[in-house]
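Enquirer: Quick one: structure below, then a few questions.
2 protein chains.
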Amino acid sequence: MTARSGWVKIVGLGPGADSLVTLEAQAVLAEATDVVGYIPYVARVADRPGLTKHASDNRVEIARSQHALSMAAEGKRVAVVSSGDPGVFAMASAVFEALEAGPDAWKDLHIEVIPGITASLAAAARAGAPLGHDFCTINLSDNLKPWSLIEKRLRLAVEADFAMAFYNPRSKSRPEGFARVLDLLRETCEPDRLMIFARAVSAPDETLSVVPLSDATPEMADMRTMVIVGSSLTRRIAGTSHVYTPRFVAE
Amino acid sequence: MTARSGWVKIVGLGPGADSLVTLEAQAVLAEATDVVGYIPYVARVADRPGLTKHASDNRVEIARSQHALSMAAEGKRVAVVSSGDPGVFAMASAVFEALEAGPDAWKDLHIEVIPGITASLAAAARAGAPLGHDFCTINLSDNLKPWSLIEKRLRLAVEADFAMAFYNPRSKSRPEGFARVLDLLRETCEPDRLMIFARAVSAPDETLSVVPLSDATPEMADMRTMVIVGSSLTRRIAGTSHVYTPRFVAE
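Dropping the structure here:
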């Protein structure tokens, strides 16, 4: 195996169910010599002879990316696995950050991003079509950006009347942020604005709840929850559980 | 076959390549008695005994949805096919609109949305990870909403420094809108802001170009083009073709 045959492919495994993995992702995993990623995502890849698994803990994204790139430079075929889509608050940006800061020799490596079903769209599908009109996607974690930027984006998104999908709404180390988000929404949106809390979408322990903003509480979200806030037009169809945003907006 | 066995499943076929279809979407198509959708999407479904295809032209989304719901009410298993993800500027909202306005009996039908790889994420993956930070998704067609709302959302999205993904940027019947979008971006963003034009992603005639805003022209987009505008931090890695948005934003 020569160095030139190595590659890094950053693979989206979708939200959880094997049935939401694409054929392309499966094909990449079948060709890989090494799989790199966060422990629960690496665990989703079936063992087979010739495949070495390198599972690591959360919050070591850059070290994991450097490891993947250095193995590829040695000729390995490295799949970096992410849940959802790797380009949405997942491993793709981390790999590119490591590439940019790394040795020049890495710049010639073949690097490819294999898209997946991202959590916001899987959650939206379960509820109906709440993201059927213009929407925005915001990571509520302030680990890598100032909280003031999150608040600014939320206020502008409400003003634009985007539906909103929130990733990483609340964690044990950041319990207070999502409470502040709810306060901001209550200040800027009507009380019956619909919110969707979709936890562990497509996993066996999936739950889904739809509540008006006035009934939402911080405890409804954790790190496995996708939160969707409707636009002012998002509604539930009477007599059903379907929530959708109409395509039509009047003058 | 009784009426109670009927269903409507709104299925995302992904951006074009068969390898980007999920196993779940394939399973639904294998169980369907009828497939409904826009001509080129229905053509992507393989013929088989027991499957009836109902292809219709663009811009008849509500009539097509009513047809699907009425067949399901008769006990048919109806797959409504969309490209990309059905919940993102595709058939899911249209089906729910038809359901809401339709006979009460339809409200008891089993209706499900099967997510797919949406065009923005497939295009982003080809370029690198331009949507690796907060972003918004805007349909540039003013067929169903006033142009003033599109402009308002664009201005607020630029102020929020979201990366932006544009669906339906330009059509033969709306050749002037995208030129106005470029004018607005030139007025509000720096000239070297990166833009990605990804046409026919994952199809055999796929093309991808990355240009600074100052070099973008209206003719670079058509109805098969996904346009992505980076945030102020989106950049190309020197010595490579990879474009990404860093995860980190300084205070």
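If you read the protein sequences in the order shown, they are chains D and U. Numbering-wise, the first sequence is residues 1 to 251 according to UniProt numbering. Numbering-wise, the second sequence is residues 1 to 251 according to UniProt numbering. Virtual Cβ for every residue (Gly too), placed ideally from N, Cα, C. All values derive from a computational prediction rather than experimental measurement.
Are the beta-carbon atoms belonging to D/D192 and U/R153 less than 7 Å from one another?
Expert: no
Enquirer: Beta carbon of D/V45, beta carbon of D/R64: below 7 Å?
Expert: no
Enquirer: Shorter than 7 Å from the beta carbon of D/G87 to some beta carbon of chain U?
Expert: Chain U contact via Cβ: present.
Enquirer: How about D/S93 and U/Y244: do their beta carbons lie closer than 7 Å?
Expert: A contact, by the Cβ cut-off of 7 Å.
Enquirer: For a contact meaning CB atoms closer than 7 Å, what does U/P103 contact in chain D?
Expert: What U/P103 touches in chain D: nothing, since even the nearest Cβ is about 11 Å away.
Enquirer: Excluding the five sequence neighbours on either side, which residues of its own chain have a C-beta within less than 8 Å of the C-beta of D/V211, listed in chain order?
Expert: L194, M195, F197 and M220
Enquirer: Name, please, each residue of chain D whose Cβ falls closer than 8 Å to the Cβ of U/T22.
Expert: Per Cβ cutoff of 8 Å: G14, S19, L20, V21, T22 and I117.
Enquirer: Listing by chain order, which chain U residues have their CB less than 8 Å from the CB of D/H242?
Expert: Per Cβ cutoff of 8 Å: F96, L99 and I111.
Enquirer: How big is the Cα-Cα spacing for D/I140 and D/N168?
Expert: Here the sequence assigns Leu to residue 140 of chain D, which means Ile is not the residue at that position. Using only the alpha carbons, I get a separation of about 6 Å.
Enquirer: Quick check: the region 164-181 of chain D against the region 21-39 of chain U, are there 3 or more CB pairs under 8 Å?
Expert: Touching, no, given that fewer than three Cβ pairs across the two stretches are closer than 8 Å.
Enquirer: Which one of U/T217, U/A124 and U/L233 has the shortest CA to CA distance from U/T137?
Expert: U/A124
Enquirer: Do D/T118 and D/G84 have their beta-carbon atoms positioned less than 7 Å apart in this structure?
Expert: yes
Enquirer: Could you work out which residue in D/I150, D/L213, D/L182 and D/T234 is closest to U/A250 when comparing CA atoms only?
Expert: D/I150
Enquirer: Mind listing the chain A neighbours of D/L131? Cutoff is C-beta to C-beta under 7 Å, in chain order.
Expert: Checking the listed chains, one finds no chain A in this structure; the protein chains it contains are D and U.
Enquirer: Quick check: the Cα distance between D/M1 and D/V8, rounded to an integer number of angstroms?
Expert: Note on D/M1: pLDDT 43, under 50, position unreliable in the model; the coordinate value appears next. In a straight line, the C-alpha of D/M1 is about 15 Å away from that of D/V8.
Enquirer: DSSP three-state call for D/A3: helix, strand or coil?
Expert: Any reading at D/A3 must be qualified, since the residue scores a pLDDT of 48, below 50, and its modelled position is unreliable; the value itself is stated next. Of the three classes helix, strand and coil, the one that applies to D/A3 here is helix, per DSSP.
Enquirer: Could you tell me whether the Cβ atoms of D/I10 and D/V88 are closer together than 7 Å?
Expert: no
Enquirer: DSSP state of U/M223, grouped into three classes?
Expert: coil
Enquirer: In chain D, which residues lie with their C-beta within 9 Å of the C-beta of U/P246?
Expert: Result: S93, F96, E97, E100 and L144.
Enquirer: Measuring only the C-alpha atoms, how far is D/A3 from D/S148?
Expert: Because the pLDDT of D/A3 is 48, which lies under 50, any placement of that residue in the model is unreliable, and the number read from its coordinates should be weighed accordingly. So the two alpha carbons sit approximately 45 Å from each other.
Enquirer: How is the alpha helix (DSSP H) around U/V158 delimited, first residue to last?
Expert: Segment W147 to E159, the alpha helix (DSSP H) holding U/V158.
Enquirer: Specify, as a first and last residue, the run of the beta strand (DSSP E) that D/R199 falls within.
Expert: Unbroken beta strand (DSSP E) run through D/R199: L194 to R199.
Enquirer: Whose C-beta lies closer than 8 Å to the C-beta of D/P130 among residues of the same chain, with five residues either side of it excluded?
Expert: Result list for D/P130: A124, A163, L194, I196, I228, G230, T234, V243, Y244 and T245, in chain order.
Enquirer: So with CB distances below 9 Å, who are the chain D contacts of U/E206?
Expert: Ordered by position in chain D, no residue passes the 9 Å Cβ test against U/E206, which lies about 14 Å from the chain.
Enquirer: I'd like to know if U/L185 contacts chain D, where contact means its C-beta is closer than 7 Å to some C-beta of that chain.
Expert: no
Enquirer: Go through the region 14-69 of chain D residue by residue and report every complete run of the beta strand (DSSP E) that reaches 3 residues or more, in order.
Expert: 34-38 and 52-56
Enquirer: How long is the line joining the alpha carbons of U/A238 and D/A98, rounded to whole angstroms?
Expert: 13 Å
Enquirer: Compute the Euclidean distance between the alpha carbons of U/L13 and U/G102, then round it to the nearest angstrom.
Expert: 26 Å
Enquirer: So which residues of chain U does D/L29 contact, with C-beta pairs closer than 8 Å?
Expert: Against chain U, the beta carbon of D/L29 has no neighbour under 8 Å; the closest one sits roughly 13 Å away.
Enquirer: Are the beta-carbon atoms belonging to D/R247 and U/L69 less than 7 Å from one another?
Expert: Their beta carbons are not under 7 Å apart, which means D/R247 does not touch U/L69 by this criterion.
Enquirer: Can you name the residues of chain U whose CB is closer than 9 Å to the CB of D/T137?
Expert: L131, D134, F135, C136, T137 and F162
Enquirer: Hey, which unbroken runs of the beta strand (DSSP E) at 3 residues or more fall wholly within the region 97-129 of chain D?
Expert: 110-114
Enquirer: What does the Cβ neighbour count give for U/I111, buried or exposed, with the cut at 16 atoms within 10 Å?
Expert: buried
Enquirer: Nearest by alpha-carbon distance to U/C189: which of U/A216, U/S209 and U/G177 is it?
Expert: U/A216
Enquirer: Could you spell out the range, first to last residue, of the beta strand (DSSP E) harbouring D/L208?
Expert: T207 to P212
Enquirer: Going along chain D, which residues have a C-beta under 9 Å from U/G128?
Expert: At a beta-carbon threshold of 9 Å, the residues of chain D lying near U/G128 are G87, A92, S93, F96, I111 and V113, ordered along the chain.
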